Amino acid sequence: MAKKAYEKVKDIEAKVVEEVEKPKPPPEKPVPPPPDLKTPPPPFVPPPEVVIQAPPPPTPPLAVQSNTPPPRSDVHAAPAPTPAAPPAPPAKPAKITAGMVCTKMGKPESPSVSWSGTAEFLATATVKAGRVVDVQINVIRKADDRKAQRAMIQSITQALQDTYECPGDHVFEQPFVFKID
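Just so you know, UniProt numbering puts the end of the sequence shown at 181, numbered straight through with nothing missing.
The structure is reproduced here in structure tokens:
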């Protein structure tokens, strides 16, 4: 057995590998000469004062009435309340509704599901450059059928993103009520 091991070791070849040299570091940057002690430093000149004016206060959004047709009998979008006349100092309204900021508002289509009853939702929509870019739906009154509720939420989201036109950047709330008999 030792002879077999010797024969296998005999076939091993050894080579000397040359060591690779590391590249030389770049030469150091020259050190600037010391300052001339005879020359006095330049006089201190303070920077000019910059006066920044505060931007003017934002103007309250104007109420715009839309010319959309009344909702169908099976789907009801709750009417947006008309804003009251502002008091002497203009106060920002607590809630901004779609009727206050949107010029065009479509209604969601009634989903074709085998469900009857009433379901209520409150949509909070984010508008950028006149288009609805994000919709958050809060369920006020649930539908008994989860499939029907998902279809209603999808219908609301699609209506807000496809048919609502609201100039500017806003966040508004819009209630929706589905009554299916």
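Glycine included, every Cβ here is placed at the ideal spot set by N, Cα and C.
As the structure is a computational prediction, the values presented were derived from the model and not from experiment.
Contact between the stretch 144 to 164 and the stretch 94 to 109 (3+ Cβ pairs under 8 Å): yes
Nearest-angstrom Cα separation, counted from residue 123 out to residue 148: 17 Å
Same chain, Cβ closer than 7 Å to residue 95, neighbours up to 5 away in sequence not counted: 173
Residue 186 classed as buried or exposed, judged by whether at least 16 other C-beta atoms fall within 10 angstroms: Absent from the structure is residue 186, since the part of the chain shown begins at 1 and ends at 181.
Unbroken stretches of the beta strand (DSSP E), 3 residues or longer, contained in the stretch 81 to 150: 117 to 128 and 131 to 141
For residue 180, the residue or residues it bridges with in DSSP: 117
For residue 173, the three-state DSSP class (helix, strand or coil): strand
Contact set for residue 132: own chain, Cβ-Cβ below 8 Å, skip 5 residues either direction: 125, 126, 160, 161, 164 and 166
Straight-line gap, residue 42 to residue 48 (C-alpha atoms, nearest Å): 17 Å
From 119, 129 and 145, residue whose alpha carbon lies closest to that of residue 138: 119
Residue 168 classed as buried or exposed, judged by whether at least 16 other C-beta atoms fall within 10 angstroms: exposed
Where residue 28 falls: helix, strand or coil (DSSP): coil
From 113, 171, 28 and 2, residue whose alpha carbon lies closest to that of residue 101: 171
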